[in-house]
Amino acid sequence: MKQTHSAGAIAMITLAALLFSLMDAGTKFLGALLPMVLILWSRYAIQTLVMAGTVIYNRGWKGFRTEHPRVQFLRGSMLIMLSILTFYSLKYLPLAEFTAIIMLSPILVTALTSRLSQRPLGLLRWLLILTAFAGTITVIRPGSALFDVVALLPLLATLVSAAYNLVTSRLAVLDNPHTTQFYTGLTGVALLSPLIALQAGGLYELGIRLEARNFLILLAIGLLGTVAHLLLVMAFRRTHPAALMPFTYTQIAFAALIGWIFFRHSPDFWAWIGMSVIAVASCLSAWLDMHESRRRVPK
Numbered sequence: 007m008k009q010t011h012s013a014g015a016i017a018m019i020t021l022a023a024l025l026f027s028l029m030d031a032g033t034k035f036l037g038a039l040l041p042m043v044l045i046l047w048s049r050y051a052i053q054t055l056v057m058a059g060t061v062i063y064n065r066g067w068k069g070f071r072t073e074h075p076r077v078q079f080l081r082g083s084m085l086i087m088l089s090i091l092t093f094y095s096l097k098y099l100p101l102a103e104f105t106a107i108i109m110l111s112p113i114l115v116t117a118l119t120s121r122l123s124q125r126p127l128g129l130l131r132w133l134l135i136l137t138a139f140a141g142t143i144t145v146i147r148p149g150s151a152l153f154d155v156v157a158l159l160p161l162l163a164t165l166v167s168a169a170y171n172l173v174t175s176r177l178a179v180l181d182n183p184h185t186t187q188f189y190t191g192l193t194g195v196a197l198l199s200p201l202i203a204l205q206a207g208g209l210y211e212l213g214i215r216l217e218a219r220n221f222l223i224l225l226a227i228g229l230l231g232t233v234a235h236l237l238l239v240m241a242f243r244r245t246h247p248a249a250l251m252p253f254t255y256t257q258i259a260f261a262a263l264i265g266w267i268f269f270r271h272s273p274d275f276w277a278w279i280g281m282s283v284i285a286v287a288s289c290l291s292a293w294l295d296m297h298e299s300r301r302r303v304p305k
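Letter 212 of the sequence shown, counting from 1, is numbered 218 in the numbering used here, and no numbers are missing.
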């Protein structure tokens with residue numbers, strides 16, 4: 007893998023982390039005002055329209071062809087499940103703490119991809135993974151006000167997110183990223199449309215009374231999600247997922263900053279300690295990835 011490809015993938019995954027944090031903030035804000043089904047359906051409808059136009063512009067009608075419809079549907083279904091878990095988690099948890107819990111996902115992806123590729127992680131890598139896990143547990147803290155039944159939602163979301171990232175890394179080398187993003191949005195629209203139909207009357211009345219500011223936030227959620235997940239697929243096409251996972255931890259810092267700016271919430275002392283531990287372990291893991299990559303490049 008060329009160094010320029012790895013650098014580009016790192017930039018993409020970091021930008022995606024920022025966009026995900028902004029999208030989560032918008033979801034948290036609107037979650038107190040609008041029904042979940044309206045927010046999620048709008049988000050996937052926007053993605054479907056944007057990616058349909060992108061596919062036609064770049065590749066024509068043949069760009070909609072996929073040889074892996076079942077895998078595409080699986081990815082879309084996983085993202086819907088992840089979106090629902092995220093929606094309800096953000097209704098009750100602060101943005102930064104939710105993000106810290108969901109950051110267990112890269113740990114699982116790193117371990118699982120190494121297992122599937124039959125490439126041993128090594129003692130140092132396992133120590134860094136366990137250190138990041140300890141940092142996450144410090145954020146959650148059994149016995150704290152944060153650790154209750156609600157904390158199970160982001161933990162479940164972590165498992166779904168890990169599976170989603172593995173499927174995404176697989177699709178990244180099978181189909182065009184634009185095609186994948188189109189079918190992910192289409193799957194979301196198809197699965198949520200029956201719920202929209204059941205609540206059509208009430209949602210229509212709500213839509214008429216929707217403030218311009220909230221409509222713009224709804225539009226931003228769809229655009230941010232579309233671009234962020236597209237960057238995720240493009241990054242996975244450029245380098246191995248395990249090498250990218252440490253950089254997803256930048257989302258914790260983004261979430262903490264955005265949570266303070268928009269919701270005036272700042273994590274407590276132990277949450278900051280846990281986040282710092284995760285950040286240090288991630289930086290060391292990233293350095294290890296770069297070091298191993300340089301060693302594998304033929305001289």
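Don't be surprised by glycine CBs; every beta carbon is placed ideally from N, CA and C.
Since the model is a prediction, treat every value here as computed from it, not as a measurement.
Query                                                                                                                                                                                             : Result
Looking at the structure shown, is glutamine 205 part of a helix, part of a strand, or coil, going by DSSP?                                                                                       : coil
For aspartate 30, which of helix, strand or coil comes out of DSSP?                                                                                                                               : helix
Between the Cα of glutamine 53 and the Cα atoms of Leu21, Pro183, Ile19 and Phe93, which residue gives the shortest distance?                                                                     : Pro183
Please go through the same chain and pick out, in chain order, the residues whose beta-carbon is closer than 8 Å to the beta-carbon of leucine 36, but skip the five residues on each side of it. : Ile45, Asn220, Ile223, Leu224 and Ile227
Tell me the rounded alpha-carbon separation between leucine 40 and leucine 130.                                                                                                                   : 46 Å
Helix, strand or coil, according to DSSP, for glutamine 9 in the structure here?                                                                                                                  : At glutamine 9, the pLDDT of 49 sits below 50, so the modelled position is not reliable and the matter cannot be decided from this model.
If you follow the alpha helix (DSSP H) that histidine 271 is part of, which residue opens it and which one closes it?                                                                             : Histidine 271 -> no alpha helix (DSSP H), and no H or E assigned at all.
Just to confirm the assignment, what range does the alpha helix (DSSP H) spanning methionine 57 have?                                                                                             : 42-65
What's the gap between the Cα of leucine 250 and the Cα of leucine 197?                                                                                                                           : 30 Å
Assess contact between the stretch 160-170 and the stretch 20-35, defined as three or more Cβ pairs (one per stretch) separated by less than 8 Å. Is contact present?                             : no
Quick check on isoleucine 267: buried or exposed, where buried means 16 or more other Cβ atoms within 10 Å of its Cβ?                                                                             : exposed
Applying the 10 Å Cβ sphere with the 16-neighbour rule, what's the burial state of glycine 265?                                                                                                   : buried
Count the other CB atoms within 10 Å of the CB of glutamine 205; is the residue buried (16 or more) or exposed (fewer)?                                                                           : exposed
What's the C-alpha gap between alanine 31 and glycine 69?                                                                                                                                         : 33 Å
I'd like the list of long-range same chain contacts for serine 95, defined as Cβ closer than 6 Å, with 5 residues on each side in sequence excluded.                                              : Phe104, Leu159 and Pro160
Using a Cβ-based criterion (distance less than 8 Å to any ligand heavy atom), does alanine 58 qualify as near the ligand ADP?                                                                     : The ligand ADP is not part of the structure shown, which contains no ligands of any sort.
Is it the case that the Cβ atoms of leucine 110 and threonine 142 are separated by a distance below 9 Å?                                                                                          : yes
When the Cβ atoms of the stretch 76-83 are set against those of the stretch 252-263, are three or more pairs found closer than 8 Å?                                                               : no
Assuming contact is defined by CB atoms lying nearer than 9 Å, are phenylalanine 242 and alanine 17 in contact in what I supplied?                                                                : no
Since valine 166 is in the alpha helix (DSSP H), which residue starts that stretch and which ends it?                                                                                             : 158-177
Using the Cβ count rule (16 or more neighbours within 10 Å means buried), how would you classify tryptophan 67?                                                                                   : exposed
Answer yes or no: does any C-beta atom of chain B fall closer than 9 Å to that of lysine 34?                                                                                                      : The structure shown has no chain B; it contains just one protein chain.
Are the beta-carbon atoms belonging to leucine 28 and leucine 134 less than 9 Å from one another?                                                                                                 : no
With distances taken from CA atoms, which of Glu73, His74, Leu55 and Ala178 is nearest leucine 237?                                                                                               : Ala178
For histidine 235, count neighbouring Cβ atoms within 10 angstroms of its own Cβ and tell me buried if that reaches 16, exposed if not.                                                           : buried
Taking the straight line between their C-alpha atoms, what separation do you get for tyrosine 63 and valine 283?                                                                                  : 45 Å
Rank Thr193, Ile90 and Leu99 by C-alpha distance to the C-alpha of methionine 57 and give the top, closest one.                                                                                   : Thr193
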